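Notes for the one structure printed next.
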Amino acid sequence: MAGYPGYYLIDTSPIELRTFPIAERPGSSPQGRTGPIAREHTDLVHETEEGVLWVYPQVRRRTWDMTFRITTVAQLEFFETLHLAVDGQTHPFYFVVDVDESPPQSYLVRKEKDFLPPGLTTPAVVNDVFI
Numbered sequence: 000m001a002g003y004p005g006y007y008l009i010d011t012s013p014i015e016l017r018t019f020p021i022a023e024r025p026g027s028s029p030q031g032r033t034g035p036i037a038r039e040h041t042d043l044v045h046e047t048e049e050g051v052l053w054v055y056p057q058v059r060r061r062t063w064d065m066t067f068r069i070t071t072v073a074q075l076e077f078f079e080t081l082h083l084a085v086d087g088q089t090h091p092f093y094f095v096v097d098v099d100e101s102p103p104q105s106y107l108v109r110k111e112k113d114f115l116p117p118g119l120t121t122p123a124v125v126n127d128v129f130i
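If you count the sequence shown from 1, position 95 lands on 94 in numbering that gives the first Met the number 0, and the numbers rise without skipping.
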């Protein structure tokens, strides 16, 4: 069984690895429902007065869609603290896939800009797996 993910900020001293209080939901990891890792492409398209399109590639990046089932106020506060520490998507941070892994895999990432939790929910158990 894999351990919990974690993160550390690059502007703190000393660097402290913080472990998430819960693991992501099944099917939301980098090998989840969108394939190994989804890719986002953003282009700037300009159309001239004559109708000629000029396409300028902008962002090419890998994206993860990770979902966490929040069941306690403490878990919600953990994610709110992360949101405030990185100021939404302003500051990148290192995301550690599994804090128990040796050596740990870490990725420089940005969080989505908003913090809009849907509220606390009660976990369901299907085939002995929390979802």
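Just so it is clear, CB atoms sit at the ideal spot from N, CA and C, and this is done for glycine as well.
In this text, all values refer to a predicted model and were calculated from it rather than measured experimentally.
Asked, Found
"Express the C-alpha separation of E49 and L107 in angstroms, rounding to a whole number.", "43 Å"
"With 16 other CB atoms within 10 Å as the buried threshold, where does P102 fall?", "exposed"
"Across which residues does DSSP place V44 in a beta bridge pair?", "V54"
"Looking at the unbroken alpha helix (DSSP H) that takes in F184, where does it start and where does it end?", "Outside the shown range of the chain, which is 0 to 130, sits residue 184, and nothing can be said about it."
"Since G5 and V98 should fall inside the 8 Å C-beta cutoff, what is the C-beta to C-beta distance between them, to a whole number of angstroms?", "4 Å"
"Quick test of your reading: L134 and V95, contact by CB under 8 Å. State the CB separation rounded to the nearest angstrom.", "Residue coverage of the chain in this structure runs from 0 to 130, which leaves residue 134 outside it and unanswerable."
"Out of P91, P56, Q57, which one is the CA nearest neighbour of S105?", "P91"
"Return the CA-CA distance between K112 and H82, expressed in angstroms with no decimal places.", "8 Å"
"Along the chain, where does the beta strand (DSSP E) that runs through F92 open and close?", "92-95"
"For a test of your reading of the model: does the CB of D113 fall under 7 Å from any non-hydrogen atom of the ligand FMN? Yes or no.", "The model depicted lacks the ligand FMN and carries no ligand whatsoever."
"Taking only three categories from DSSP, how would you classify V98?", "coil"
"Which residues bound the beta strand (DSSP E) around G5?", "5-8"
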